[in-house]
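Inspection log for the structure reproduced underneath, given as structure tokens.
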Amino acid sequence: MKIILTVGHSILKTGSCTSADGRPFGGVLEYAYNKNIVNQAAEYLRSAGHTVDVLICPELKFSTSKEEKSYKLARVNSGGYDLAVELHLNASALHNARGCESLYKTEKGKKIAQQVQSRLAAVFRNRGIQKRDNLYMLNSTTPTTVMLETFFCDSSADCALAEKKDVALLIAEGIHGGTIICEPQEGSAPAPSGMLYRVQTGAFTVWKNAERMKTELQKKGFKDAFITTVDLGQLFYRVQVGAFSVKANAESMQKKLKKAGFDALILQA
Ligand SMILES: [Zn+2]
16 MKIILTVGHS ILKTGSCTSA DGRPFGGVLE YAYNKNIVNQ AAEYLRSAGH TVDVLICPEL
76 KFSTSKEEKS YKLARVNSGG YDLAVELHLN ASALHNARGC ESLYKTEKGK KIAQQVQSRL
136 AAVFRNRGIQ KRDNLYMLNS TTPTTVMLET FFCDSSADCA LAEKKDVALL IAEGIHGGTI
196 ICEPQEGSAP APSGMLYRVQ TGAFTVWKNA ERMKTELQKK GFKDAFITTV DLGQLFYRVQ
256 VGAFSVKANA ESMQKKLKKA GFDALILQA
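The sequence shown begins at 16 in the numbering used here and counts up by one.
Next up, the structure:
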């Protein structure tokens, strides 16, 4: 599948975050938590064969949360995606609720919501899937879309559970609809656990420019090109072709890219 993972909310010009904040209650900041796990979830999905872009709103750019909507919809609807999944965390008025919910609108969305929900519910209290028709990410997106309220950011008990589990893997396996096993390629020693060699052809502050390079790569046969968002004080949209646990594999991809006329460097992370 061609998937885009989006992180709900943003940090406004004023420095305030539009998401729920569970920190005063022994929890986490919703936006920061999801921003932190989204690239890992994307990596898991890529290792299961999906093409995955990651979209995070620029920070300190928007005046109101309404700008998040137009920013995300333009990109989600232009990328030819089969599926969009937006990451959220829940919060309750009395800060005493717990559990996971998955939201959908269409029948296709329902199927994915059910898959993810069953994975999340193995860890968090099962609040079930919900059909919603009052959310722009479900109403105005072209691809099938699911929104995840993975757990309650203002529940210290939920946050403690989340800390002990690989939530990114639960989400990825839910989307994939099965177990994801991350095995190193054969033939040489794998990188230290979790470390990957990423082959990058460009890094942009503007999504459109990243998208243009990705399209060019795909036209030239690098079908697995994808965009990932990283925060280096400022958000960068990196265009990459593959992430490898074996360095030699990354180097051979780098060679191919250079031959095709692209700049390619290998990043370790
Ligand atoms: Zn939210």
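In this text, a Cβ means the ideal position worked out from N, Cα and C, and glycines have one as well.
| Query | Result |
| --- | --- |
| Taking the DSSP output, what are the residues bridged to tyrosine 252? | Phe219, Thr244 |
| Do you know offhand how far aspartate 36's Cα is from alanine 175's? | 16 Å |
| How many Å lie between glutamine 249 and valine 161 at the Cα? | 28 Å |
| When the distance is taken between beta carbons, is valine 69 closer than 9 Å to threonine 244? | yes |
| Whole angstroms is fine: what's the gap from alanine 206's alpha carbon to arginine 213's? | Any answer about alanine 206 is weak, because its pLDDT of 45 lies below 50 and its placement is not dependable; what the coordinates show is given next. Taking the straight line joining both Cα atoms gives about 12 Å. |
| Whole-angstrom Cβ separation of lysine 120 and aspartate 148, contact assumed at under 8 Å? | 6 Å |
| Output needed for leucine 118: all residues of its chain with C-beta closer than 6 Å, excluding positions within five of it in sequence on either side, in chain order. | Gln145, Arg147, Met162 |
| Taking the alpha helix (DSSP H) that cysteine 174 belongs to, which residues open and close that run? | 171 to 179 |
| With hydrogens ignored, establish whether the beta-carbon of leucine 176 is closer than 8 Å to any heavy atom of ligand 1. | no |
| Which same chain residues, not among the five before or five after arginine 61, have their C-beta less than 6 Å away from its C-beta? | Val67 |
| In three-state terms, what does DSSP make of glutamate 201? | Caution is warranted here: a pLDDT of 45 is assigned to glutamate 201, below 50, making its placement in the model unreliable, and no coordinate value can be reported. |
| Within the chosen definition, does the segment 251 to 269 reach the segment 78 to 85 through at least 3 CB pairs nearer than 8 Å? | no |
| Can we count histidine 110 as close to ligand 1, meaning its CB is less than 8 Å from some heavy atom? | no |
| Whole angstroms is fine: what's the gap from valine 322's alpha carbon to glycine 276's? | The chain is shown only over 16 to 284; residue 322 falls outside these bounds and no answer can be derived. |
| Assuming leucine 135 and glycine 189 are in contact, meaning their beta carbons sit under 8 Å apart, how far apart are those beta carbons, in whole angstroms? | 7 Å |
| Going by the beta-carbon positions, is the gap between valine 138 and alanine 177 smaller than 9 Å? | yes |
| Quick one: what's got a C-beta closer than 8 Å to glycine 202's C-beta in the same chain, skipping five residues either side? | Residue placement at glycine 202 is flagged as unreliable, the pLDDT there being 44, under the threshold of 50; the coordinate-derived value follows with that caveat. Result list for glycine 202: Val261, Ala263, in chain order. |
| Under 9 Å between the Cβ atoms of alanine 57 and isoleucine 195? | no |
| My guess is that valine 43 and cysteine 168 are in contact by the Cβ rule of under 8 Å, so how many angstroms apart are they, rounded? | 5 Å |
| For ligand 1, is there any heavy atom lying closer than 8 Å to the beta carbon of leucine 104? | yes |
| At the level of alpha carbons, what is the spacing between lysine 179 and valine 254? | 31 Å |
| Starting from arginine 90, follow the alpha helix (DSSP H) in both directions and report where the run begins and ends. | 81 to 93 |
| Measuring only from the beta carbon, is alanine 35 closer than 8 Å to any heavy atom that is part of ligand 1? | yes |
| Going by beta carbon distance, what residues of the same chain come within less than 8 Å of glycine 95, once the five residues before and after it are set aside? | Lys17 |
| In three-state DSSP terms, what is alanine 206? | Below a pLDDT of 50, predicted positions are generally treated as unreliable, and alanine 206, at 45, falls in that range; the measurement from the model is reported next regardless. Here alanine 206 sits in coil by DSSP. |
| Could you please give the first and the last residue of the uninterrupted beta strand (DSSP E) stretch that includes serine 34? | Careful: serine 34 lies outside any beta strand (DSSP E) and carries neither H nor E. |
| With a threshold of 6 Å on Cβ separation, who are the neighbours of glycine 217 within its own chain once the five nearest residues in sequence on each side are excluded? | Met228, Val254 |
| Just the Cα atoms here: how many angstroms apart are alanine 187 and lysine 234? | 27 Å |
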